[in-house]
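Read in our numbering, the sequence shown has 146 at position 146, and its numbers run on one by one without any break.
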Amino acid sequence: MSPRKPRILEPDHQQISIRFDDPGRTLAPDHLARTLFLIIGRLDLSKFVEKSRSVEGHAGRPLLSVQMKLALWLYAISQGVGSAREIERLTRSDDAYAWLSRGLEISHHTLSDFRVGHDAALRKLMVDVLASLLKLGLLDLSMVAQDGTRVRASASAPSFRRLESLKQCREQAELHLKVVLATADEADSPGHQATREAKARDLLARVDAAIATVNELQKARGDEEKEARASTTDADARVMKMPDGGFRPGYNLQFATAGDEHGGPRTIVGVKVTNVGSDMGSVTPMIQQVAQNTSRFPMVWMADANHVKHACIEYADGIGIAVLMAIPKREQASASKSRAVAAWKARMQMPEAKRLYKARASLAELSNAHAKGRFGLERVLVRGLDKVGCVSVLIALAFNLSQHAAALLA
Numbered sequence: 001m002s003p004r005k006p007r008i009l010e011p012d013h014q015q016i017s018i019r020f021d022d023p024g025r026t027l028a029p030d031h032l033a034r035t036l037f038l039i040i041g042r043l044d045l046s047k048f049v050e051k052s053r054s055v056e057g058h059a060g061r062p063l064l065s066v067q068m069k070l071a072l073w074l075y076a077i078s079q080g081v082g083s084a085r086e087i088e089r090l091t092r093s094d095d096a097y098a099w100l101s102r103g104l105e106i107s108h109h110t111l112s113d114f115r116v117g118h119d120a121a122l123r124k125l126m127v128d129v130l131a132s133l134l135k136l137g138l139l140d141l142s143m144v145a146q147d148g149t150r151v152r153a154s155a156s157a158p159s160f161r162r163l164e165s166l167k168q169c170r171e172q173a174e175l176h177l178k179v180v181l182a183t184a185d186e187a188d189s190p191g192h193q194a195t196r197e198a199k200a201r202d203l204l205a206r207v208d209a210a211i212a213t214v215n216e217l218q219k220a221r222g223d224e225e226k227e228a229r230a231s232t233t234d235a236d237a238r239v240m241k242m243p244d245g246g247f248r249p250g251y252n253l254q255f256a257t258a259g260d261e262h263g264g265p266r267t268i269v270g271v272k273v274t275n276v277g278s279d280m281g282s283v284t285p286m287i288q289q290v291a292q293n294t295s296r297f298p299m300v301w302m303a304d305a306n307h308v309k310h311a312c313i314e315y316a317d318g319i320g321i322a323v324l325m326a327i328p329k330r331e332q333a334s335a336s337k338s339r340a341v342a343a344w345k346a347r348m349q350m351p352e353a354k355r356l357y358k359a360r361a362s363l364a365e366l367s368n369a370h371a372k373g374r375f376g377l378e379r380v381l382v383r384g385l386d387k388v389g390c391v392s393v394l395i396a397l398a399f400n401l402s403q404h405a406a407a408l409l410a
């Protein structure tokens with residue numbers, strides 16, 4: 001007796017089907033994607049398109065919606081997604097992303113270019129959001145806390161080389177470019193050849209940037225025996241101590257956060273990215289940025305002991321800001337001739353100052369926790385100080401809008 005043949009349903013690839021798809025039906029009215037899209041629609045986005053050559057009445061391809069691109073990035077960041085390729089994939093598989101891009105196809109190249117190509121527009125947008133919060137009475141600058149966190153750069157430790165090694169790399173990169181140009185007829189298509197040339201020129205440019213960085217660092221060091229090194233992947237990255245105690249290529253991301261000591265929403269009012277591993281001396285430029293962003297100075301400024309620098313304390317005292325910073329060990333036994341420094345040390349011994357200083361962690365460290373824990377900023381995927389700065393402002397916008405979303409839509 002022959003075995004029974006199993007009954008199997010096979011797909012019919014010739015079958016035609018009609019599908020009706022509406023991602024909006026699956027999204028709740030108060031879904032974060034909807035909320036962010038609506039809030040962004042109320043803001044002035046003209047700065048993003050002021051240099052556009054695509055205008056009505058003239059030939060040319062229209063620009064993709066700035067509101068859509070910005071909403072896609074802010075929503076993605078709020079979900080811990082930091083990859084343009086992943087966002088492109090999600091627009092085809094996730095209802096929230098599909099709703100945001102409804103009817104429009106967007107490539108990861110377009111998303112990547114948008115993220116890092118509008119530094120001035122993003123910073124203006126942050127200022128506009130802060131102005132709205134101030135007008136609505138949702139932002140109080142009585143107390144601001146500053147803190148820095150190190151984030152991993154998009155560069156590996158072996159990419160850091162000394163000058164002699166970089167010169168050899170440049171010779172190889174130059175030779176590679178000549179070979180690419182000489183073998184243009186071997187390319188599969190003009191587009192393939194253009195890609196080959198772009199990659200070869202990019203490699204040469206990155207090596208040149210690393211050489212310039214090494215020369216600059218060595219000049220600053222003077223006659224030190226230790227030779228400077230720079231990365232052929234990201235010349236702006238520096239090896240610095242990370243939160244786990246290890247040393248890796250990274251950036252120092254500084255946030256200034258305003259809020260109430262008793263809790264409630266927090267607001268990032270200042271963002272600054274450096275490639276200096278130390279926090280010392282970063283208070284003055286951050287105070288200046290916050291004043292520029294909000295048109296006013298805070299009353300109390302808090303930071304940990306790593307930020308202590310006499311010049312910063314004197315600057316803050318001169319404009320009427322009470323500085324609350326833990327006194328580091330190096331300062332405890334020393335006497336200062338500066339009135340502002342002496343007043344800061346005396347202030348930190350007062351019970352009221354000690355009570356207020358306890359709020360520093362809940363203010364400053366919340367921003368860092370969100371950036372790394374929720375927004376996926378353990379490692380940046382872009383290269384260069386300017387581009388990392390754009391990503392940091394996007395994260396600050398995502399943080400502020402998610403903290404105040406309900407109030408901004410009311």
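A virtual CB, placed ideally from N, CA and C, is assigned to each residue, including glycine.
Keep in mind that this is a model prediction, so the values were computed, not measured.
Looking at the DSSP output, Leu203 bridges to nothing. If only uninterrupted alpha helix (DSSP H) runs of at least 4 residues are considered, those enclosed by the region 61–118 are 66–78, 84–90, 95–100 and 108–116.
For Ser231, the beta-bridge partners assigned by DSSP are Phe160. Excluding five sequence positions before and after Arg162, the CB atoms of its chain that fall closer than 6 Å to its own CB belong to Glu227 and Arg229, given in chain order. In this structure, Asn252 lies away from Arg152, with their beta-carbon atoms at least 8 Å apart.
Contact between Ala405 and Thr110 is absent: CB atoms are separated by about 26 Å, not below the 8 Å threshold. In the structure shown, Thr35 adopts helical secondary structure according to DSSP, grouped into three states.
Between the region 309–321 and the region 337–348 there are three or more C-beta pairs closer than 8 Å, enough to call the two in contact.
With a cut-off of 8 Å on Cβ pairs, the region 264–282 is not in contact with the region 192–204, counting fewer than three such pairs.
Remark: three or more beta-carbon pairs, one from each stretch, lie closer than 8 Å, so the region 382–400 and the region 66–74 are flagged as touching. Here the alpha carbon of Ser392 sits roughly 20 Å from the alpha carbon of His307. Per DSSP, the beta-bridge partners of Lys241 are Phe247. Cβ-Cβ separation between Leu363 and Thr257: approximately 5 Å, consistent with a contact (criterion under 8 Å).
Linking Ala322 to Lys309 through their CA atoms gives a straight-line distance of about 14 Å. The beta strand (DSSP E) runs lying completely inside the region 126–198 and spanning 3 residues or more are 143–152, given in chain order. With a contact defined as Cβ atoms closer than 8 Å, Met68 and Ser107 miss out at about 13 Å. About 17 Å separates the Cβ atoms of Phe375 and Ser112, ruling out a contact at the 8 Å cut-off. Shown here for Glu261: same chain residues with a beta carbon closer than 6 Å to its own, the five before and five after excluded, namely Ala359 in chain order.
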